[in-house]
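**Student:**
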Amino acid sequence: MSDTLIAQARALLSNTHGSTQDAQSTAVFAPGRVNLIGEHTDYNDGFVLPCALAIGTAVAIKPRSDHIIHTVSRHVAASGLLRDKFAIDRPIDRQSKDFWGNYLRGVIVAMQQSGLRFPGADIAIVGDIPQGVGLSSSASLTVAIIRAMLAMGRSSQSSRITAQQIARWAQWSEHHFADCQCGLMDQMAAAAASPGEAMLLDCRSLESRQIRVPPAITILVAHSGVERKLATSEYNLRRQQCTMVAQRLGKTSLRDIDIALLSTRANDMSELDLRRARHVLTEGTRVARAVKAIENEDPFELGRCLRESHDSLRYDFEVSVPQVDALVEHLNHTIDHEANGCGGARMTGGGFGGCVVVIVKSSAASAVEAELRRYLSSRVAKPLVLTTDQTLVATA
Ligand code: GLA
Numbered sequence: 002m003s004d005t006l007i008a009q010a011r012a013l014l015s016n017t018h019g020s021t022q023d024a025q026s027t028a029v030f031a032p033g034r035v036n037l038i039g040e041h042t043d044y045n046d047g048f049v050l051p052c053a054l055a056i057g058t059a060v061a062i063k064p065r066s067d068h069i070i071h072t073v074s075r076h077v078a079a080s081g082l083l084r085d086k087f088a089i090d091r092p093i094d095r096q097s098k099d100f101w102g103n104y105l106r107g108v109i110v111a112m113q114q115s116g117l118r119f120p121g122a123d124i125a126i127v128g129d130i131p132q133g134v135g136l137s138s139s140a141s142l143t144v145a146i147i148r149a150m151l152a153m154g155r156s157s158q159s160s161r162i163t164a165q166q167i168a169r170w171a172q173w174s175e176h177h178f179a180d181c182q183c184g185l186m187d188q189m190a191a192a193a194a195s196p197g198e199a200m201l202l203d204c205r206s207l208e209s210r211q212i213r214v215p216p217a218i219t220i221l222v223a224h225s226g227v228e229r230k231l232a233t234s235e236y237n238l239r240r241q242q243c244t245m246v247a248q249r250l251g252k253t254s255l256r257d258i259d260i261a262l263l264s265t266r267a268n269d270m271s272e273l274d275l276r277r278a279r280h281v282l283t284e285g286t287r288v289a290r291a292v293k294a295i296e297n298e299d300p301f302e303l304g305r306c307l308r309e310s311h312d313s314l315r316y317d318f319e320v321s322v323p324q325v326d327a328l329v330e331h332l333n334h335t336i337d338h339e340a341n342g343c344g345g346a347r348m349t350g351g352g353f354g355g356c357v358v359v360i361v362k363s364s365a366a367s368a369v370e371a372e373l374r375r376y377l378s379s380r381v382a383k384p385l386v387l388t389t390d391q392t393l394v395a396t397a
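This note's numbering puts the sequence shown at residues 2 to 397.
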């Protein structure tokens, strides 16, 4: 939970950089997210429906009298400390490919490019989102660091900064310091989602609306056991494929294309391009249906949306993997049996491994969760299942 993590980050700052009694120290938190539906639609200017999680990243910070940024970072599940140290008044380099500190360096460069200036700082980071599972550990990290830098500034410059601006700096860091051409969903969820609700986000206007998930619907999240790294997956290729189809149809993004237009131009396109575009267009309609289903407290229809989304991601967009497909199929059978089909499961996040999200009518949630844990325990070394407390939505 965020209070515990914040206390841990403060303690880490105190242990590694002197006393937190220092009146100038401050600490902030940014959550991870699970996306209910609207996958690979954000960079096509479409709609997404993520929820903030209770897990995330806490950052404690205090200014230094020089120009050095000195950072220590710890994941709650790891024993070691990661460190980074660089001068903020000189050009900030990106380090080797997999260096964790690139995210931090990238957001500071992005903020400097917007004209913000900072003193040096001692920073301590503590996070509890497992990495490589599709729950946005990097967006949580980058947004938390930005909030911490702004909180340290405490000047008029920080009070005018919007969630959209924070998300854009965090995205810039991913694009330029981590090789991932991601959309804005994860960063917007970390910067603007309200705990306990889903956030319907229009990725073109960046307008959002909070959608309350009723207690009758429970959300579970489980890791398939397959770790993935988006920057080295085909994620960037999928983005290029979508842009190419839109351009071929004379539009800037797939948001401006509907199924009818796509079908009339089918002969000009490869079968592969058609399938990629078809996923994005049909996913858009599923987001709208899913919002209605949540508002109508209808776990059956919401479950249909998730199941169709998974099939579309599996066959048309081709971003799933066999272990995830098997877990989703098993969960759907379990929901049919335990909940009369009132729910469904699908992969969540960028794909190529990672987590599945499950929605189920709350009266059957504990039976489905028990079967989920049993299934994973014989296949995955350290099963990860997030339940109501950690997904923050739906209290049965
Ligand atoms: C990753 C990216 C997001 C989004 C999803 C797929 O999480 O960071 O921008 O594209 O994949 O929906």
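No residue lacks a Cβ here, since even glycine has one placed at the ideal position from N, Cα and C.
1) Go ahead and label Thr-27 buried or exposed: buried means 16 or more other beta carbons lie within 10 angstroms of its beta carbon, across all protein chains shown.
2) Could you name the residues that DSSP lists as bridge partners for His-224?
3) Going by C-alpha to C-alpha distance, which of Thr-143, Ile-360, Leu-263 and Tyr-236 sits closest to Arg-249?
4) Taking the straight line between their C-alpha atoms, what separation do you get for Ala-340 and Val-369?
5) Alpha carbon to alpha carbon, what distance is there between Pro-300 and Glu-198?
6) What would DSSP say about Glu-198, mapped onto helix, strand or coil?
7) Return the Cβ separation of Gly-133 and Lys-252 in integer angstroms, given the expectation that the two are a contact with Cβ distance under 8 Å.
8) Going by DSSP, name the residue or residues bridged to Asn-36.
9) Would you mind reading off the limits of the alpha helix (DSSP H) that contains Arg-305?
10) Taking the beta carbon of Asn-103 as the centre, do at least 16 other beta carbons fall within 10 Å, making it buried, or is it exposed?
11) Three-state secondary structure (DSSP) at Phe-30?
12) Taking Leu-185 as the reference, give the member of Met-112, Ala-382 and Asn-45 with the closest Cα.
13) To the nearest angstrom, how far is the alpha carbon of Val-214 from that of Leu-105?
14) Taking the C-alpha atoms as reference points, what is the distance between Ala-193 and Ala-31?
15) In or out: Ile-126 buried (at least 16 other Cβ within 10 Å) or exposed?
16) With distance defined between alpha-carbon atoms, name the residue in Leu-13, Leu-136 and Gly-350 nearest to Leu-385.
17) When the cut-off is 7 Å and only beta carbons count, does Asp-317 lie next to chain B?
18) From which residue to which residue does the alpha helix (DSSP H) around Lys-293 run?
19) In angstroms, rounded to a whole number, what distance separates the CA positions of Glu-228 and Lys-63?
20) If contacts are defined as beta-carbon pairs under 8 Å, then Arg-39 and Gly-33 qualify, I think. What distance do you get, rounded to the angstrom?
21) Who are the Cβ neighbours of Arg-84 in its own chain at under 6 Å, not counting the five residues just before and after it?
22) What distance in whole Å lies between the Cβ atoms of Leu-314 and His-280, which are believed to be in contact at a cut-off of 8 Å?
23) Kindly indicate which three-state DSSP category Phe-100 falls into: helix, strand or coil?
24) Helix, strand or coil: how does DSSP classify Val-369 here?
25) By a C-beta neighbour count over all protein chains shown, 10 Å radius and 16 as the cutoff for buried, is His-334 buried or exposed?
26) Nearest CA to the CA of Thr-58: which residue from Asp-4, His-41 and Leu-82?
27) Can you tell me whether His-176 sits near the ligand GLA, meaning its C-beta is under 6 Å from at least one heavy atom of the ligand?
28) Would you report the Cα separation of His-177 and Arg-205, rounded to the nearest angstrom?
29) What residue range is occupied by the uninterrupted alpha helix (DSSP H) comprising Ser-3?
30) What's the gap between the Cα of Arg-290 and the Cα of Glu-309?
31) Please classify Ile-336: does DSSP put it in a helix, a strand, or coil?
32) Look up His-177 in the DSSP assignment and give the residues it is bridged to.
**Tutor:** With the given structure in hand:
1) The C-beta of Thr-27 has 16 or more other C-beta atoms within 10 Å across all chains shown, which makes the residue buried.
2) Cys-356
3) Leu-263
4) Between Ala-340 and Val-369, the C-alpha separation is close to 8 Å.
5) 16 Å
6) strand
7) That pair is no contact at about 34 Å.
8) Pro-51
9) In the DSSP annotation of this structure, the continuous segment of the alpha helix (DSSP H) that includes Arg-305 starts and ends at 300–312.
10) buried
11) strand
12) Asn-45
13) 33 Å
14) 9 Å
15) buried
16) Leu-136
17) As a matter of chain content, chain B is missing from the structure shown, which is built from one protein chain.
18) 272–296
19) Approximately 34 Å between the Cα atoms of the pair.
20) Correcting the residue type first, residue 39 is Gly in the shown sequence and not Arg. About 17 Å; that fails the 8 Å criterion.
21) Val-73
22) 7 Å
23) Looking at Phe-100 - three-state DSSP - the assignment turns out to be coil, as it is neither helix nor strand.
24) helix
25) exposed
26) From the listed residues Asp-4, His-41 and Leu-82, the smallest Cα separation to Thr-58 is found for Asp-4.
27) Look at His-176: its beta carbon is at least 6 Å from all of the heavy atoms in the ligand GLA.
28) 21 Å
29) 3–18
30) Using only the alpha carbons, I get a separation of about 11 Å.
31) helix
32) None, per the DSSP bridge assignment.
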